[in-house]
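Those letters in the sequence shown? Residues 165 to 593, by the numbering used here. C-beta: ideal position from N, C-alpha, C; glycine also. Here the structure comes first, spelled out in structure tokens, and everything after it is commentary.
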Amino acid sequence: MDTKPLHKIEIPSDDILTQCMHCGLCLPVCPTYSLTRLERSSPRGRIRLIKEVTAGHLPITENFRDEMYFCLDCQACATVCPAGVAYGQLVEAARAQILLSGTEKFAWLKKFFFRRIFPYNQRLKLAARLLRFYQRYLQNIVQKSGVLRLISKKLDRAQGMSPLISSQFSDAFIPERLVPGNHPRYRVGMLTGCLMNVMFADINRDTVEVLLENDCEIITPKQQVCCGSLAGHNGDFEIARHLARKNIDVFLSLDLDAIVINSAGCSAFMKEYGELLHEDEEYREKAEQLSRIVKDISEFLVEINFKKPAVPLKGKITYHDACHLAHSQKITREPREVLQGIPGLEIIELAESTWCCGSAGIYNVIRQEPSMQILDRKIKNILATGAEILVTGNPGCMGQIAYGLKGINSAIEVIHPVTLLNRAYKQKG
């Protein structure tokens with residue numbers, strides 16, 4: 165058992181630790197507290213645990229590890245907190261200390277993916293090609309045989325949750341520089357992402373087509389790497405900082421008006437590069453400079469007064485607020501403005517639209533039971549709208565919600581806002 169206090173470099177300042185007033189306003193919005201009704205599974209309960217471990221009064225126990233990873237890091241608590249507690253910094257710092265303590269059972273597996281696969285585009289694409297081969301030629305056979313259910317029910321469910329690997333990766337068809345037909349109004353950088361590149365290549369295509377339609381010159385540097393969010397949210401700050409520095413060097417050399425990102429988790433994390441590298445004298449100012457020009461695609465489109473489609477696009481839609489948009493970036497109005505700018509749509513507000521869907525990075529893989537309980541709540545609210553299309557701006561949410569709808573044989577389409585806008589641009593009168 166590790167009895168060392170949290171490492172002073174990774175833990176946020178005492179000011180952040182002592183900000184929590186234990187008022188309890190976070191309790192009604194916390195998905196895990198709603199499942200257990202246990203104080204330790206609430207934000208203020210976890211903050212108390214972190215305080216005690218930080219002070220050296222408690223060791224890093226199995227219960228402490230469990231609570232830090234039972235948390236979805238959705239940051240709904242931060243949205244309602246009257247004291248402005250930076251809860252995400254606290255729980256991610258605690259996870260970093262768990263990783264450093266060497267007490268986590270599957271830390272080696274996380275390190276393998278975060279350090280050996282995701283930082284290297286060619287390795288990630290090789291892994292994606294292998295998964296694509298499995299999905300196309302073996303998955304149905306394996307599912308029908310039931311062999312995975314005998315080995316592990318979690319593993320069997322995990323393969324069903326994985327989005328299909330794209331037939332062509334987006335970095336293969338998006339050139340490094342694209343120029344619109346009209347004189348460019350803006351010069352923007354495009355993050356292809358890691359999972360977006362191999363699993364959601366069509367959304368990357370829609371993104372560049374929408375940006376071209378709005379007279380943007382697009383630079384998509386081949387040297388870019390994973391943003392580091394998956395590693396950072398799981399406490400591996402070392403590799404997250406390494407990836408951040410590489411992206412800073414690449415994108416700041418391009419003289420951009422904005423870096424446009426279509427994955428809420430990536431844009432949220434890159435906006436936090438300044439905090440991630442606040443102790444790095446060489447990169448601190450550059451990190452803050454880059455963070456200031458990072459824009460979610462919906463945020464950017466609204467800022468530039470995007471072109472409104474001319475031909476109506478019929479459909480009844482509803483919108484789910486991804487946690488990393490609504491809570492981390494405080495972006496809720498802009499995606500709705502994009503949707504409202506598409507003529508012909510009937511937009512139905514989703515009950516509990518900012519309630520987490522249960523995806524939360526790799527949460528739905530490692531904590532499947534609570535993830536599915538949270539997903540069930542989201543699916544019930546979606547069905548109650550009577551919508552034909554569910555729109556959301558994060559790939560994790562898209563995959564999770566699509567999995568839930570598929571499980572009940574629902575025909576509701578799950579789509580990214582930029583894909584719907586591009587579809588409207590292509591409508592013929």
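- Restricting attention to 290, 535 and 565, the CA atom closest to the CA of residue 545 is found in 565.
- Per DSSP, residue 513 lies in no beta strand (DSSP E) and is assigned neither H nor E.
- For residue 480, DSSP records a beta bridge to 510.
- Rounded to whole angstroms, the separation of the alpha carbons of residue 274 and residue 447 is 26 angstroms.
- The DSSP-derived three-state label of residue 489 is helix.
- For residue 539, the secondary structure class from DSSP, reduced to helix, strand or coil, is helix.
- Of the candidates 584, 294 and 251, 584 places its Cα closest to the Cα of residue 479.
- Around the beta carbon of residue 508, fewer than 16 other beta carbons sit within 10 angstroms, so the residue counts as exposed.
- Taking each of 529, 331 and 255 in turn and checking the Cα distance to residue 296, the smallest one comes out for 331.
- Under the DSSP assignment, residue 263 falls outside any beta strand (DSSP E), being part of the alpha helix (DSSP H) whose first and last residues are 251-265.
- Look at the segment 260-342 and you find these whole runs of alpha helix (DSSP H), each 4 residues long or longer: 271-275, 285-301, 303-309, 311-315, 317-325 and 334-337.
- Under the 10 Å beta carbon count, residue 543 is surrounded by 16 or more other beta carbons and is classified as buried.
- For residue 454, the closest C-alpha among the options 561, 205 and 416 is that of 416.
- Under the three-state reduction of DSSP, residue 579 is assigned to strand.
- In this structure, residue 489 places its C-beta atom within 7 angstroms of the C-beta atom of residue 557.
- Under the three-state reduction of DSSP output, residue 526 falls in the coil class, being neither helix nor strand.
- The three-state reading of DSSP puts residue 414 in helix, counting H, G and I together.
- Taking all protein chains in view, the Cβ of residue 336 is surrounded by fewer than 16 other Cβ atoms within 10 Å, so the residue is classified as exposed.
- Taking C-alpha positions only, residue 226 is separated from residue 450 by approximately 39 angstroms.
- Contact annotation: residue 430 and residue 462 have beta-carbon atoms that are not nearer than 7 angstroms.
- Only residues of its own chain outside the window of five on either side were considered, and among them 403 have a CB closer than 6 angstroms to the CB of residue 279, listed in chain order.
- The C-alpha of residue 190 lies about 22 angstroms from the C-alpha of residue 433.
- Distances from the CA of residue 514 to each of 248, 549 and 493 were compared; the closest alpha carbon is that of 549.
- For the pair residue 386 and residue 333, the Cα-to-Cα distance works out to about 13 angstroms.
- Around the beta-carbon of residue 343, fewer than 16 other beta-carbon atoms lie within 10 Å, marking it exposed.
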